[in-house]
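Peer 1: Please read through the structure below; I'll follow up with questions.
2 protein chains.
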Amino acid sequence: MPRPNMSVERRAALLPLVARAFAQLGYRRTTTAALAERCGVQESVLYRLWPGKKQMFIAAIEYVFELSASVWRRLSASGGGAASARRILDYESRHYGELGHYRIIFAGLSETDDPDVHDALRTLFGRYQRFLREQIDASRGTGKRHGALGSEWAAWALVGLGLAASVSRELTLLSDADRTRLIAAAGGNLLSAAGG
Amino acid sequence: MPRPNMSVERRAALLPLVARAFAQLGYRRTTTAALAERCGVQESVLYRLWPGKKQMFIAAIEYVFELSASVWRRLSASGGGAASARRILDYESRHYGELGHYRIIFAGLSETDDPDVHDALRTLFGRYQRFLREQIDASRGTGKRHGALGSEWAAWALVGLGLAASVSRELTLLSDADRTRLIAAAGGNLLSAAGG
DNA sequence: TCCATATGCGAGTAGTTACTAACAATATAC
DNA sequence: GTATATTGTTAGTAACTACTCGCATATGGA
């Protein structure tokens, strides 16, 4: 038997660096040469791990989601269902955008002509929205009345709030403190209206 | 005296076509060759009207803002201040994203390394947010109490709602009818909370 | 008419980039 | 040790793209 295949571990090890590159540079500006340099390997090595640049990008999209999702799941599991939505909101108000990963999403959104990228983003946003909705529904608890605002719309509005926060950060239109206030104020209002 | 300079009129005539190209293709995929073809001119003609591709893109960003702003101003002026925010919200709930112009914005957001593009987007979002805030403040009228949600945060949340609506449209995550409901429900809630 | 400038047009180029082929070196199981 | 598949490395290429130059032609005013 020859050498064992380490591709899986290598992909896992390099993916954070790949995602970081896409997050900092966007899609087109992230050349395969730049990716190779940041990963400390040759381009041909990357091409043995992924079929092409597009697949590296899609892998980065999925990685980004998993990273936030794991944090959210931890926050969600750390206490009763009622307050978990508030906890996530509070966490995000203080840490939103720290990783700069939303740039991957913006980059992807201007590449939506590609069906594969389109699908990856579709599942990403779909999962985000669904996760938030579940948190809102859980916060309502039993016996509580439904709020004036449906949880589906509230979840979407929270996704939008995150996007607005990203934009305001990216364009330095709000200070860190104001962004925290924005998420707390608008997000809190949406949660209240949804009955959370 | 030689021939009069028609550059200004020509720029104005071509700009909608240029913006349309960027809206459909994004920044990088919009090659100067494609721009020239859509405009029915040679590339060199475009380069006599704008210094470079980047300036064409920035001009498109400004054009996009002016287009929405003119519609909004018309809606805002057509009646008393109190209901104008609701009118704009209602209009957007039915027509949001029809022009596909938000793709220019997404494209720009992954080009924010460039300081000129960055500045153009900064003023774009700043104006959007300020306009919305003014509408909210006007809707409060005199004597009305301030809502629980500050108009600044409400305006940002509405910007985010527009972004979320764009994303959900782009990725076909919501039907047209559901998007209308989303904007009406979440937007109405935000306006109410802000005291509009 | 004639001048000065704007415009139309075609070809070209320097630089970049995603992706590949070929080969040498290496590490495992037997 | 050896066979076999995985890695490291180098070099290269075909395609693309933003941008330019030079020249012919059109146009309006004196």
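Protein chains in written order, with my numbering: chain P, 1 to 196; chain U, 1001 to 1196.
Backbone N, C-alpha and C fix where the C-beta goes; we use that ideal spot for every residue, glycine too.
Below 8 angstroms CB to CB, which residues in the same chain sit around Thr1112/U once its five sequence neighbours on both sides are set aside?
Peer 2: Cβ within range, chain order: His1118 and Leu1121.
Peer 1: Mind checking the segment 106 to 130 of chain P against chain U and listing, in chain order, the residues whose C-beta falls within less than 8 angstroms of any C-beta there?
Peer 2: Against chain U - using a Cβ distance shorter than 8 angstroms - the residues of the segment 106 to 130 of chain P are Phe106, Ala107, Leu109, Ser110, Glu111, Thr112, Asp113, His118, Leu121, Arg122, Phe125, Gly126 and Gln129.
Peer 1: Out of Tyr1047/U, Pro1002/U and Gly1026/U, point me to the one whose CA is closest to Leu1014/U's CA.
Peer 2: With distances taken between Cα atoms, Leu1014/U lies closest to Tyr1047/U.
Peer 1: By the three-class DSSP mapping on this structure, what secondary structure does Pro1002/U have?
Peer 2: Coil.
Peer 1: Assign Val1041/U to one of three DSSP states: helix, strand, or coil.
Peer 2: DSSP places Val1041/U in coil when its eight states are reduced to three.
Peer 1: Taking its Cβ as the centre, do 16 or more other Cβ atoms sit within 10 Å of Ser1084/U, making it buried, or is it exposed?
Peer 2: Buried is the call here.
Peer 1: Check for me: the alpha helix (DSSP H) holding Glu1152/U runs from which residue to which?
Peer 2: Ser1151 to Glu1170 is the extent of the alpha helix (DSSP H) around Glu1152/U.
Peer 1: Label His101/P either buried or exposed according to how many other C-beta atoms from any shown protein chain fall within 10 Å of its C-beta, with 16 as the threshold for buried.
Peer 2: Per the 10 Å Cβ criterion, buried.
Peer 1: How do the segment 1089 to 1101 of chain U and the segment 1148 to 1166 of chain U stand: do at least 3 beta-carbon pairs fall below 8 angstroms, yes or no?
Peer 2: Output reads yes: the segment 1148 to 1166 of chain U touches the segment 1089 to 1101 of chain U.
Peer 1: Starting from Leu99/P and walking both ways along the alpha helix (DSSP H), at which residues does that stretch end?
Peer 2: No alpha helix (DSSP H) holds Leu99/P; DSSP gives it neither H nor E.
Peer 1: Got a sec: is the Cβ-Cβ distance from Leu173/P to anything in chain U below 8 angstroms?
Peer 2: Yes - at least one Cβ of chain U is within 8 angstroms of the one on Leu173/P.
Peer 1: DSSP state of Glu134/P, grouped into three classes?
Peer 2: Residue state, collapsed to three classes: helix.
Peer 1: Rounded to whole angstroms, what is the Cα-Cα separation between Ala138/P and Tyr1091/U?
Peer 2: Taking the straight line from one Cα to the other gives about 33 angstroms.
Peer 1: If you follow the alpha helix (DSSP H) that Ala148/P is part of, which residue opens it and which one closes it?
Peer 2: Unbroken run through Ala148/P: none, as it is neither H nor E.
Peer 1: Whose C-beta lies closer than 6 angstroms to the C-beta of Arg1038/U among residues of the same chain, with five residues either side of it excluded?
Peer 2: Here the set comprises Leu1017 and Ala1021.
Peer 1: Can you name, in chain order, every residue of its own chain whose Cβ lies under 7 angstroms from the Cβ of Val1071/U, other than the five neighbours on each side?
Peer 2: Excluding sequence neighbours, Val1071/U sits near nothing in its chain.
Peer 1: From the DSSP output, in three-state form, read off Leu49/P for me.
Peer 2: The answer is helix: DSSP assigns Leu49/P an H, G or I state.
Peer 1: Output, in chain order, the set of chain P residues within a Cβ distance shorter than 8 angstroms of Ser1168/U.
Peer 2: Residues of chain P passing the Cβ test: Phe125 and Trp156.
Peer 1: Going along the chain, which residues of its own chain have a beta-carbon closer than 7 angstroms to the beta-carbon of Thr1180/U, five neighbours each way excluded?
Peer 2: Answer for Thr1180/U: Ser1093 and Arg1094, listed in chain order.
Peer 1: For Arg10/P, collect the residues of the same chain with a Cβ closer than 7 angstroms to its Cβ; drop the 5 residues on either side in sequence, then sort them by chain order.
Peer 2: Correct list, in chain order: Leu49.
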